[in-house]
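Below is one structure, written out as structure tokens; comments come after it.
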Amino acid sequence: MRPWTRYWLTSAVAVPAALALVGIAVQGGDIERQISAESSKALNGVGDVVVSGRDVTLVGVPFERIPAAKEVVQALPGVRTVSAREPALAPLTIAVDDSQVVVTGTTQRDAWRKQYLQVIGEYTHGRTLVDHTTTSPDTDFAMTTTAVAALVSVLTQAPGTDVKVSVVDGRVVLDGVQPDAARKASTAKLLGRLYGSGVVVDKTRSA
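Per the working numbering: the sequence shown = residues 57 to 263.
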């Protein structure tokens, strides 16, 4: 076979193959852009997405909303898998006495922080809400909004409470004084139902 003939045959095969690869790459890019746009729309500002082919990674979604966000994005056409980059759960402290509720913790967005405090403020039964929360990238409160609202509601229903609740490294520790044995038992039961009895450490005593 003459050299120019070999070159022609090689080119005849290589050029269509290269064009096919370009077409696949362009199509893949279109799919990624479509999935990215639809996923971002579905999240409605809750977080961001990183798309690789048909696989989606959620970034910056509040810890308590990750399951719902994954479910919504997974249902979109063309999506193959959905994972999430979970934020670090920073230590959270709720201190309650007869005059105030003090909240100390960290989350990654100021809007989330304000919403968290707004919900807590609805369940303080007249006590002053003291805000010691801060924002820091890739972090979130270690107790969901629903859970902290339920806890604060129980602890503020009766006078005589002086309790500090700390959530650190997956353990919920209560320390201080509760008005009576019944209130002590109901608080421990609530947290046990929310987190599991093996997670809750109750060091409180009844007055």
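No residue lacks a Cβ here, since even glycine has one placed at the ideal position from N, Cα and C.
Minimum Cα-Cα distance from Thr137 among the listed residues Glu120, Asp225, Ser108, Val157 corresponds to Ser108. Counting the other CB atoms within 10 Å of its CB gives Arg183 a total of 16 or more, which places it among the buried residues. Going by DSSP, Thr160 is part of the beta strand (DSSP E) stretching over 156-160.
DSSP places Ser209 inside the alpha helix (DSSP H), whose first and last residues are 201-211.
The beta-carbon separation of Ser209 and Tyr251, rounded to 16 angstroms, does not stay under the 8 angstroms limit for a contact.
When secondary structure is reduced to three states using DSSP, Thr217 falls in the coil class, being assigned neither helix nor strand. Inter-residue distance for Pro235 and Gly177 is about 22 angstroms (C-alpha atoms, whole angstroms). The alpha carbon of Tyr172 has as its nearest neighbour, out of Glu120, Val219, Thr217, the alpha carbon of Glu120. Distance from the CA of Gln164 to the CA of Met199, rounded to the nearest whole angstrom, comes to 14 angstroms. In the DSSP assignment, Arg249 forms no beta bridge with any residue.
Val224 has its alpha-carbon roughly 17 angstroms from the corresponding atom of Val158. Shown here for Asp153: same chain residues with a beta carbon closer than 6 angstroms to its own, the five before and five after excluded, namely Asp218 in chain order.
Under DSSP, Gln234 shares a beta bridge with Ser262. Residue pairing by DSSP places Leu148 opposite Val223 in a beta bridge.
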